[in-house]
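Residue numbers for the sequence shown, in this note's numbering: 113 to 182.
Where is the CB? At the ideal position from N, CA and C, for every residue including glycine.
Remember, predicted model here, so these are calculated numbers, not experimental data.
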Amino acid sequence: MTRKLQSVAAFADGSPFSEAQVRWWIFNEKNNGMNDAGVIVRIGRRVYIDPAAFDRWIDAQQVSRREVAA
């Protein structure tokens, strides 16, 4: 299995989220579930994002309309 990792800047360029937003999520990765989902990959001081894991994580953040209305 090959993981396609991207730097934070490259990931933000190709996504609807700003680099600042992505970095905020990384800063709070232990509280927001990114850590458990395997979205962030650290190699030395470098930080990379696994886009496939990010897509799964963002899908898990969805709140259905029924949950909001309740």
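Residues sharing a beta bridge with Leu170, DSSP: The residue labelled residue 170 in the question sits at position 58 within the sequence shown. The amino acid occupying residue 170 in the given sequence is Ile; Leu does not appear at that position. Looking at the DSSP assignment, Ile170 forms no beta bridge with any residue, so it has no partner.
Less than 8 Å between the C-beta atoms of Ile138 and Val159, yes or no? Sequence index remark: in the sequence shown, residue 138 carries index 26 (1-based). Sequence index remark: in the sequence shown, residue 159 carries index 47 (1-based). Yes, these two residues count as a Cβ contact at 8 Å.
Beta-carbon spacing of Gln118, Pro163 below 8 Å: Looking up residue 118 in the sequence shown gives position 6. Looking up residue 163 in the sequence shown gives position 51. Cβ atoms of Gln118 and Pro163: closer than 8 Å.
Could you tell me the alpha carbon to alpha carbon distance between Lys142 and Gly126, rounded to whole angstroms? Numbered from 1 along the sequence shown, position 30 holds the residue referred to as residue 142. Numbered from 1 along the sequence shown, position 14 holds the residue referred to as residue 126. The alpha-carbon atoms of Lys142 and Gly126 are separated by roughly 24 Å.
Could you tell me whether the Cβ of Ser119 comes closer than 8 Å to any Cβ of chain D? Absent from the structure is chain D; it holds one protein chain and no more.
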